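Just add 131 to the spot in the sequence shown (first one is 1) and you have our numbering. Just so it is clear, CB atoms sit at the ideal spot from N, CA and C, and this is done for glycine as well. No experiment lies behind these values; they were computed from the predicted model shown. These notes concern the structure reproduced below.
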Amino acid sequence: MAVKKIGDSKKVIRAVRSKKDLKSIPKAVKNPVISSKGVGKILLDVEKEMEKVVVGQKAIVRGILRAVLCGGHVLVEGVPGVAKTLIVKAMARVMGCDMKRIQFTVDLLPTDITGIMSYSPDRGFEMIKGPVFTNFILADEINRAPPKTQSALLEAMQEESVTIARKTYELPKPFFVMATENPLEVSGVYSLPEAQIDRFLFKLLIKYPKIEEESSILSKNTTIRDFEDYGLQPLLSPQIIIDLQRRVKQVFTSDTIRDYIVRIVSETRDKGFELSKYISYGASPRASIALYIASKAEALMSGRNFVTPADVQKVVYPVLRHRIILNYEAEAEGISSDKVIKHILTKVNAP
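Written out as structure tokens, the structure reads:
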């Protein structure tokens, strides 16, 4: 059965509001339309501001913005030279946040990320903070560092704090990590274990730009223009982002949508469907939680305070593609996680 497309507003209301659901909606969110001066407009302005410096890659920009609203982190896979660094640098500027880049190498130490406790005769013990103490981090080529170093950052992502000399330090809020991987590299890399990959809310795939986009890149690239020349304006602030993250949690999700999310994720663990023979391990309940909060963020970015099946369908690929572990048979036959997800969406009926 084909995936149901949700377009007409009346169909949207019917999809998310059965009589039972309608009674359970709080009075504060019964109007599904957010004013043009509201959150949806603010987030749309952020995306438009990013277009001053980033050519194309709208899905990536939207995915990163969505992850920030969820309080999650992003793993990005793409070849060198497709604007990964530029995107996160511009996003930090538009959001009014600080940003640092960590280049992961084989000799990078955990203390190079978190910081160290230093001693001098004049001042005694002094904590020297590492680059992790910022709002936005670009962890470039994270799979080039050994597992112990990777774990230092992944622990900070999970706990939003680091421990130095037996003392715990809270990290700035909001705290967002965009880690990158180069799919072309096979030697001198340390693949992230599945348990650690699962910590990332999304996995985004950056592709080559279109021909017309690449032509525009030639006149906008930072080799002939300084970053400051683009005139990016900070439209948000750390406190506004924190408030928006709270707002995401308040987006209404009906019982039928929650059931839809659970059925999609549980299907990855079902051995009875056509492509299940290619799956070693399906997605865990953490994937259901990720899909749940990501759908809320997508709804808010679309100017609504309730989730529709279309919101779930838009975010299901970045949420699940790194959580479905395929076997060697899938690799041999060219079966990707995205193909499995597409098949699941056709099998699981939308409400």
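**Request:** Return helix, strand or coil for Lys220, following the three-state DSSP convention.
**Result:** The answer is helix: DSSP assigns Lys220 an H, G or I state.
**Euclidean distance between Cα positions of Glu124 and Val308** = Past the boundaries of the shown model lies residue 124; the chain is included only from 132 to 482, so the question cannot be answered.
**Item:** Residue from Asp271, Thr294, Val199, Gln234 with nearest C-alpha to Val207
**Value:** Asp271
**Item:** Enclosing alpha helix (DSSP H) for Met432 [first to last residue]
**Value:** 416 to 432 is the span of the alpha helix (DSSP H), which, as asked, contains Met432.
**Request:** Can you grab the Cα-Cα spacing for the pair Asp357 / Ser350, in whole Å?
**Result:** 12 Å
**Item:** Same chain, Cβ closer than 6 Å to Lys445, five either side skipped, listed in chain order
**Value:** Glu429
**Request:** With a threshold of 16 other CB atoms inside 10 Å of the CB of Gln364, please say whether the residue is buried or exposed.
**Result:** exposed
**Prompt:** What do you reckon, are the CB atoms on Lys473 and Phe404 nearer than 7 Å?
**Reply:** no
**Request:** For Ser407, I'd like the list of residues in its chain whose CB is within less than 8 Å of its CB, leaving aside the five on either flank, ordered along the chain.
**Result:** So the list reads Asp401, once near-sequence residues are dropped.
**Request:** Mind checking who Leu206 pairs with in its DSSP beta bridge?
**Result:** Ala310, Lys334
**Prompt:** When burial is assigned at 16 or more other CB atoms within 10 Å of the CB, is Val210 buried or exposed?
**Reply:** exposed
**Prompt:** Per DSSP, what kind of secondary structure is Lys473 in: helix, strand or coil?
**Reply:** In the three-state DSSP reduction, Lys473 falls in the helix class (H, G or I).
**Request:** Identify which residue in Thr399, Arg378, Leu451, Leu336 has its Cα closest to the Cα of Gly434.
**Result:** Arg378
**Message:** Taking the alpha carbon of Phe306 as the reference point, which residue from Ile295, Asn313, Glu286, Glu312 has its own alpha carbon closest?
**Reply:** Glu286
**Opening and closing residue of the beta strand (DSSP E) in which Gly246 lies** = 246 to 251
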